[in-house]
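Written below as structure tokens is the structure these notes are about.
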Amino acid sequence: MTPLAISNVNPARRHFGDLERVIDEVHALFDHWENSGIFSPAFDEDKVQLMKLAIHEWLANLVQHAHFGSRIPEIRMDVTPNGKRVRCVIVDNSDGFDLGAYLTEKRAALPVLPERGMGLLMLDAATEYMNYHRDDDGCHRLEFSVSADQDPWLNIPF
Amino acid sequence: MQVTSMNFTVESWNQQTVVVHVGKALDFRNASDFKAACQEQVRAGVRNFVLDFSETGILDSTGLGSIFSLYRQVSPLDGQVVFAAVSRPVQVVVQLTRTYKVFRQFPSLDAAREAVK
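Order-wise, the sequence lines are chains A and B. No gaps in the numbering here: position 62 of the first sequence is 61 in numbering that gives the first Met the number 0, and each next residue is one more. No gaps in the numbering here: position 8 of the second sequence is 7 in numbering that gives the first Met the number 0, and each next residue is one more.
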């Protein structure tokens, strides 16, 4: 992957190579996309915010916890609006981890009013579909979608 | 009196109540600053925190966790944490996590001031 390359095929595709800046860049991109009207009217502002939150939580996890070894961190993000749904793919060159096991563990042991450990549970709750796997080239790929028809919620112990 | 601590401005309403103007973001990058600013207020005797989210574009899980931490600190002291002027991005987090069950919300700072005396 080439950092900061921009494809002409999909207006909502970006590469990121600077973990220090990726969060601010993604939020700025979403502001731009919202103003450009790339999302369907059926995918309302709340759902755009939900999608942005899901992406933020994944990137925050990458920034804080991912191991990249001696590699220069690279992240590629595709956001594809499709009517009432928006699909997102985030590919990175980190070592990856067992997301399913992590979510199972956190769901079973989330404390009352937790201070940490909610981020990926929020991502999971916000998404209609989510899949995470290792690609043939060794990169890790998160795919998920957010639907306008959902009213998602995360059960946090209060 | 106003005290600016990192990204947050803390405004004293009375001896026991402050409003924290959260600003553009409360997330994993500044949640520890938020906690430190609030803990300083608790040590000074403040028990009620009004969080002004009028300009907040980002509230993430770590930011929310820092608010939970504040709530755990002040609720045994008969204190409270309330939200005011909640922006759309913050409201989405509140809805997703159902935290409106824990934190009272007010449409404006004036409304919060009236309720939290």
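Think of the CB as a built atom: it goes at the ideal place given N, C-alpha and C, for glycine as much as any other residue.
Using a Cβ cut-off of 9 Å, pull out every chain A residue sitting near residue i, in sequence order please.
{"i": "B:Asp-26", "result": "Ile-22, His-55, Ala-59"}
{"i": "B:Pro-106", "result": "Within chain A, no residue comes near B:Pro-106; the closest Cβ sits about 18 Å away, beyond 9 Å."}
{"i": "B:Arg-97", "result": "Trp-152, Leu-153, Asn-154, Ile-155, Phe-157"}
{"i": "B:Arg-71", "result": "Val-111, Leu-112, Glu-114"}
{"i": "B:Pro-88", "result": "Gln-48, Lys-51, Leu-52"}
What would DSSP say about residue i, mapped onto helix, strand or coil?
{"i": "A:Thr-160", "result": "Only positions 0 to 157 of chain A appear in the structure, and residue 160 of chain A is not among them; the question remains open."}
{"i": "A:Ser-35", "result": "helix"}
{"i": "B:Val-49", "result": "strand"}
{"i": "A:Asp-30", "result": "helix"}
{"i": "A:Gly-66", "result": "As written in the sequence, residue 66 of chain A is His, which differs from the Gly given in the question. In this structure, A:His-66 counts as coil in the three-state DSSP scheme."}
{"i": "A:Thr-1", "result": "Because the pLDDT at A:Thr-1 is just 37, under 50, the model does not fix this residue reliably, and the value given afterwards should be weighed accordingly. Of the three classes helix, strand and coil, the one that applies to A:Thr-1 here is coil, per DSSP."}
{"i": "A:Ile-155", "result": "coil"}
{"i": "B:Phe-33", "result": "helix"}
{"i": "A:Ile-71", "result": "coil"}
{"i": "B:Gln-40", "result": "helix"}
{"i": "A:Pro-80", "result": "strand"}
{"i": "A:Ala-41", "result": "coil"}
{"i": "B:Ser-65", "result": "helix"}
{"i": "B:Gln-72", "result": "helix"}
{"i": "B:Ala-84", "result": "coil"}
When the distance is taken between beta carbons, is residue j closer than 7 Å to residue i?
{"i": "B:Lys-23", "j": "B:Gly-64", "result": "no"}
{"i": "A:Ala-41", "j": "A:Gly-82", "result": "yes"}
{"i": "B:Asp-59", "j": "A:His-66", "result": "no"}
{"i": "A:Val-90", "j": "A:Glu-142", "result": "no"}
{"i": "B:Val-91", "j": "A:Leu-49", "result": "yes"}
{"i": "B:Phe-33", "j": "A:Glu-114", "result": "no"}
{"i": "A:Ala-100", "j": "A:Ala-53", "result": "no"}
{"i": "A:Pro-80", "j": "A:Phe-29", "result": "no"}
Can you list, in chain order, the residues of its chain whose CB lies under 6 Å from that of residue i, leaving out five sequence neighbours each side?
{"i": "A:Ser-144", "result": "Arg-84, Arg-86, Glu-127, Tyr-128"}
{"i": "B:Ala-83", "result": "Val-49, Asp-51, Phe-105, Leu-108, Ala-111"}
{"i": "A:Glu-19", "result": "none"}
{"i": "B:Asn-6", "result": "Gly-22, Asn-29"}
{"i": "B:Arg-103", "result": "Val-81"}
{"i": "A:Asn-92", "result": "Arg-70, Glu-73, Cys-138"}
Counting only the same chain and skipping the five closest in sequence on each side, list residues whose C-beta sits under 7 Å from that of residue i.
{"i": "A:Leu-159", "result": "Outside the shown range of chain A (0 to 157) lies residue 159 of chain A, about which nothing can therefore be said."}
{"i": "A:Trp-57", "result": "Ile-89, Leu-122, Leu-141"}
{"i": "B:Phe-27", "result": "Asp-59, Thr-61"}
{"i": "A:Asn-130", "result": "Glu-142"}
Given this structure, state the Cα-to-Cα distance separating residue i from residue j, to the nearest angstrom.
{"i": "B:Phe-52", "j": "A:Asp-94", "result": "37 Å"}
{"i": "B:Arg-71", "j": "B:Ala-114", "result": "21 Å"}
{"i": "A:Lys-105", "j": "B:Val-9", "result": "34 Å"}
{"i": "B:Val-19", "j": "B:Pro-88", "result": "18 Å"}
{"i": "A:Asn-7", "j": "A:Pro-151", "result": "Per-residue confidence for A:Asn-7 stands at a pLDDT of 32, beneath the threshold of 50, marking its modelled position as unreliable; the derived number appears in the next sentence. If you take the alpha carbons of A:Asn-7 and A:Pro-151, they lie about 33 Å apart."}
{"i": "A:Ser-69", "j": "A:His-139", "result": "16 Å"}
{"i": "A:Asp-135", "j": "B:Gln-40", "result": "53 Å"}
{"i": "B:Tyr-99", "j": "A:Gly-137", "result": "42 Å"}
{"i": "B:Asn-47", "j": "A:Ser-146", "result": "38 Å"}
{"i": "A:Asn-34", "j": "A:Ala-108", "result": "40 Å"}
{"i": "B:Val-101", "j": "A:Gly-36", "result": "35 Å"}
{"i": "A:Val-78", "j": "B:Ala-36", "result": "37 Å"}
{"i": "B:Thr-96", "j": "A:Pro-110", "result": "14 Å"}
{"i": "B:Leu-69", "j": "B:Asn-13", "result": "19 Å"}
Give me the chain B residues within the contact set of residue i, using Cβ-Cβ distance strictly less than 8 Å, ordered along the chain.
{"i": "A:Asp-63", "result": "With the sequence shown as reference, residue 63 of chain A is identified as Gln, and Asp is not the correct amino acid for it. Neighbours of A:Gln-63 on chain B, chain order: Phe-27."}
{"i": "A:His-26", "result": "Gly-56, Ile-57"}
Quick one: residues in its chain with C-beta nearer than 8 Å to the C-beta of residue i, no 5 flanking neighbours on either side, listed in chain order?
{"i": "A:Met-15", "result": "Residue identity differs from the one stated: residue 15 of chain A is Phe in this sequence, not Met. Around A:Phe-15: Pro-2, Leu-3, Val-21, Glu-24, Val-25, Glu-73, Ile-74, Arg-75, Met-76."}
{"i": "B:Glu-54", "result": "His-20, Val-21, Gly-22, Lys-23, Ser-86"}
Under 9 Å between beta-carbons, which chain B residues line up against residue i? List them in chain order, please.
{"i": "A:Ala-108", "result": "What A:Ala-108 touches in chain B: nothing, since even the nearest Cβ is about 15 Å away."}
{"i": "A:Asp-45", "result": "Arg-87, Gln-90, Val-91, Gln-94"}
Which residues in chain A sit within 7 Å of residue i, going by Cβ to Cβ distance?
{"i": "B:Arg-112", "result": "Neighbours of B:Arg-112 on chain A: none; closest Cβ ~26 Å, over 7 Å."}
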